[in-house]
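One structure below.
Numbering (the numbering used here), first residue to last: 12 to 192.
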């Protein structure tokens, strides 16, 4: 294995694929459908989402909130169904590579957002409903593919996937993953 595909402990790194697009393009809708398709195929998939607005998963007054308010750098919550780690980041958001490292034994990390951060292929989602905005990708930095429901000029040679066919998008991701070595 090369250093790009192996972790220091020798385990294979997960294949990372990004989804990007304008607000309202349906990134999460397509991403969740593709994730479901990939997991039905037996793959272990981790979702990594970048939010540009404040999100707090905690509730004021609850135990975890009280620990955070008391100054805990990190709060770990475990239930019978799941566990979560909430980390304070006063120095700013952690780099995407650090978050990818938390993916454990995932086969694929499906990354939504992180438009300009990280070195992994991306699929740009373009829907006719928000077609008045130019692509986020540039000819100098084209996406691996476009998932779209309309024709638009430019980016000749970049595959066009049907945004309404999550199985086809999952096929494309699997094929990209298989090509790395």
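Just so you know, even glycine gets a beta-carbon here, dropped at the ideal spot from N, CA and C. The model shown is predicted, which means the values in this text are computed figures rather than measured ones.
Test item: CB-CB of residue i and residue j under 9 Å
i           : j           : result
residue 181 : residue 77  : no
residue 128 : residue 106 : yes
residue 165 : residue 146 : yes
residue 28  : residue 87  : no
residue 118 : residue 56  : yes
residue 142 : residue 31  : no
residue 187 : residue 150 : no
residue 42  : residue 140 : no
residue 172 : residue 183 : yes
Spatial neighbours of residue i in its chain, beta-carbon cut-off 8 Å, leaving aside the 5 residues before and after
i          : result
residue 37 : 136, 138, 174
residue 83 : 99
residue 2  : In the structure as shown, the chain starts at 12 and stops at 192, and residue 2 therefore has no counterpart that could be examined.
Cβ separation of residue i and residue j, assumed to be a contact under 8 Å, to the nearest whole Å
i           : j           : result
residue 25  : residue 120 : 5 Å
residue 48  : residue 177 : 5 Å
residue 144 : residue 33  : 5 Å
7 Å CB neighbourhood of residue i in its chain, flanking five on each side removed
i          : result
residue 80 : none
Closer than 8 Å: residue i CB and nearest the ligand FAD heavy atom
i          : result
residue 69 : The ligand FAD is absent from the structure shown, which contains no ligand whatsoever.
Chain-order list of residues whose beta-carbon lies under 6 Å from that of residue i (same chain, five-residue window excluded)
i          : result
residue 61 : 124, 125
**OP:** Jot down the residue ranges of each uninterrupted beta strand (DSSP E) in the region 69 to 156, minimum 3 residues, whole runs only, in chain order.
**Re:** 85 to 89, 94 to 98, 119 to 123, 133 to 137
**OP:** Check whether the region 106 to 116 touches the region 151 to 167, counting contact only when three or more Cβ pairs, one atom from each stretch, lie closer than 8 Å.
**Re:** no
Subject >> Secondary structure, alpha helix (DSSP H): runs of 4+ residues fully inside the region 31 to 59 >> reply: 38 to 51
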